Amino acid sequence: MFVSLDGASKFEAEPFFVARPGDVAIAWEAYGCDGLTRVGYTRRVQTAGFDKRRYLESPNGQMASNVTLARDGAGSLFAAWASWTPGPDPAQPQVGVSDIHIQFASWPAGQSGFGAPIELSEPIADSLYDKPWMLVTADDVIVVSYSDVRRGGILAVSSTDGGASFQRGVVDQARANLSALCLDGRPGGVFVTYFANRSIRLAHTADGGLTWSAPVAAAVSDPSGGVAFQDPTCVANGDEAWIAYGRTHDSYDVPVERLFAVHVAHMTLGAPMPDSDVTALDGSGAMRTILDAGDPAPDGGIAGGIAPGFLLFPQLARWTDGSLGLAAYRAASEDAGSADAVYVISSDGGRSFGKVIPLVTGLTPTLQRHVPDWLGDYFGWGPTAAGLGAAFVDNASGYSHVVFDEAVPAK
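Numbered per this note's numbering, the sequence shown spans residues 23 to 433.
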């Protein structure tokens with residue numbers, strides 16, 4: 023089901039969704055016909071269809087991107103996103119971007135839509151905050167992580183009063199980015215994973231984001247291939263966390279790195295390193311069954327690099343029974359129509375994964391940013407009442423639009 027098609031935008035990318043029984047909300051980055059990007063969103067309550075597409079604008083006429091959503095137990099919906107001033111080239115607005123802030127808006131239960139946004143990030147001159155990620159804990163604490171690219175570090179803010187006020191916390195003071203949060207299922211319990219110094223790190227909070235454990239390495243770059251500068255994602259249960267990340271032979275500063283493999287690392291709170299790390303997908307889509315243990319960078323690489331295919335933007339989700347679902351875009355080449363969106367399932371805690379299952383075919387693995395068929399940097403993948411759902415980009419028409427699919431059944 024296409025959910026983002028609307029005359030107000032030329033194309034849409036970077037979808038995110040949150041689902042509770044009887045309530046599904048989807049948001050995306052909408053490239054307006056007037057040259058301004060906004061947060062597009064729609065919501066489906068009970069058995070009704072999705073609402074009309076609506077839009078959130080950033081303050082002061084800024085662009086909007088990297089939206090994430092969260093919902094509390096009472097039904098209030100929250101959105102967090104980055105607002106930014108584009109660079110001088112309208113064809114490449116992301117080049118030379120400046121003055122990035124993290125915005126927040128709430129849709130209180132029983133109301134008709136989002137209220138005016140407020141800034142979550144600390145206001146400093148020419149700020150460069152990036153990549154917000156938000157969730158609500160089991161005891162209804164809002165937690166938002168993001169990076170401070172100008173000064174360095176992964177930061178977090180939290181609210182115990184539905185977004186009326188926030189407190190700040192520091193996760194890591196190293197130069198880092200691409201944070202993603204996951205719930206551990208306990209009151210105040212959250213893991214965060216992120217990219218730092220060519221490694222994937224993990225930290226934990228037990229108090230809703232006020233204080234964080236010392237970060238540990240889930241994976242590091244080594245001669246077999248660098249840890250990719252693409253958003254890692256995680257899922258958790260109690261003290262256990264699983265982290266999906268990519269390996270690449272591309273330079274970390276290219277527009278989009280091609281992954282030769284996607285790994286899932288399994289870590290336990292308090293342990294100094296992963297207790298297992300399995301290659302779940304390689305660039306051809308074939309399954310690899312090697313299970314390594316010990317050091318934080320156990321994979322041995324793939325001879326010949328990424329040929330003949332590659333992967334983009336892996337996402338990890340977890341069923342209530344503990345099974346893991348790993349999804350990614352998979353490309354046979356860089357040609358139009360050569361890519362698909364696929365997923366694999368693990369029923370043994372990430373030690374191995376089953377056959378590759380396609381979600382959609384005929385996509386174009388665009389490796390440039392902010393063009394009409396851009397895939398974005400991530401897509402929505404998570405549990406729904408039906409099992410797992412996916413909100414991803416279909417660009418087969420030459421223009422990117424967001425599709426929502428609940429075709430992954432409950433296990």
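Glycine included, each C-beta is placed from N, C-alpha and C at the ideal position.
Since this is a predicted model, take the numbers as computed values, not measurements.
Could you check what DSSP says for residue i in three-state terms: helix, strand or coil?
{"i": "residue 376", "result": "coil"}
{"i": "residue 33", "result": "strand"}
{"i": "residue 384", "result": "strand"}
{"i": "residue 130", "result": "coil"}
{"i": "residue 268", "result": "strand"}
{"i": "residue 294", "result": "coil"}
{"i": "residue 82", "result": "helix"}
{"i": "residue 310", "result": "Note that residue 310 scores 37 on pLDDT, short of 50, meaning its location in the model is unreliable; the coordinates nonetheless yield the value given after this. Three-state DSSP puts residue 310 in coil, outside helix and strand."}
{"i": "residue 236", "result": "coil"}
{"i": "residue 431", "result": "strand"}
{"i": "residue 289", "result": "strand"}
{"i": "residue 251", "result": "coil"}
{"i": "residue 403", "result": "strand"}
{"i": "residue 199", "result": "strand"}
{"i": "residue 421", "result": "coil"}
{"i": "residue 136", "result": "coil"}
{"i": "residue 121", "result": "strand"}
{"i": "residue 359", "result": "coil"}
Between the beta-carbon of residue i and the beta-carbon of residue j, is there less than 8 Å?
{"i": "residue 152", "j": "residue 165", "result": "no"}
{"i": "residue 155", "j": "residue 201", "result": "yes"}
{"i": "residue 257", "j": "residue 346", "result": "yes"}
{"i": "residue 205", "j": "residue 159", "result": "yes"}
{"i": "residue 46", "j": "residue 342", "result": "no"}
{"i": "residue 386", "j": "residue 395", "result": "yes"}
{"i": "residue 359", "j": "residue 418", "result": "yes"}
{"i": "residue 239", "j": "residue 265", "result": "no"}
{"i": "residue 277", "j": "residue 390", "result": "yes"}
{"i": "residue 127", "j": "residue 157", "result": "no"}
{"i": "residue 123", "j": "residue 149", "result": "yes"}
{"i": "residue 147", "j": "residue 169", "result": "no"}
Compare the Cα-Cα distances from residue i to each of the options and report the closest residue.
{"i": "residue 56", "options": "398, 112, 42", "result": "112"}
{"i": "residue 81", "options": "60, 267, 239", "result": "60"}
{"i": "residue 272", "options": "333, 122, 121", "result": "333"}
{"i": "residue 142", "options": "188, 54, 392", "result": "188"}
{"i": "residue 216", "options": "418, 139, 294, 178", "result": "178"}
{"i": "residue 253", "options": "230, 218, 50", "result": "218"}
{"i": "residue 114", "options": "85, 299, 378", "result": "85"}
{"i": "residue 242", "options": "212, 92, 234, 287", "result": "287"}
{"i": "residue 98", "options": "110, 144, 41", "result": "41"}
{"i": "residue 378", "options": "364, 212, 388", "result": "364"}
{"i": "residue 362", "options": "344, 340, 372, 335", "result": "335"}
{"i": "residue 26", "options": "374, 168, 73, 139", "result": "73"}
{"i": "residue 337", "options": "384, 375, 267", "result": "267"}
{"i": "residue 247", "options": "226, 220, 144", "result": "220"}
Name the DSSP beta bridge partners of residue i, please?
{"i": "residue 213", "result": "204, 226"}
{"i": "residue 259", "result": "262"}
{"i": "residue 340", "result": "346"}
{"i": "residue 164", "result": "158, 181"}
{"i": "residue 41", "result": "46"}
Residue i and residue j look like a contact to me (Cβ under 8 Å); what is the Cβ gap, rounded to whole Å?
{"i": "residue 203", "j": "residue 214", "result": "5 Å"}
{"i": "residue 210", "j": "residue 229", "result": "5 Å"}
{"i": "residue 392", "j": "residue 125", "result": "Not really, about 19 Å apart at Cβ, beyond 8 Å."}
{"i": "residue 303", "j": "residue 350", "result": "6 Å"}
Taking 8 Å as the CB-CB limit, is residue i close to chain B?
{"i": "residue 227", "result": "Absence of chain B from the displayed structure is noted, only one protein chain being present."}
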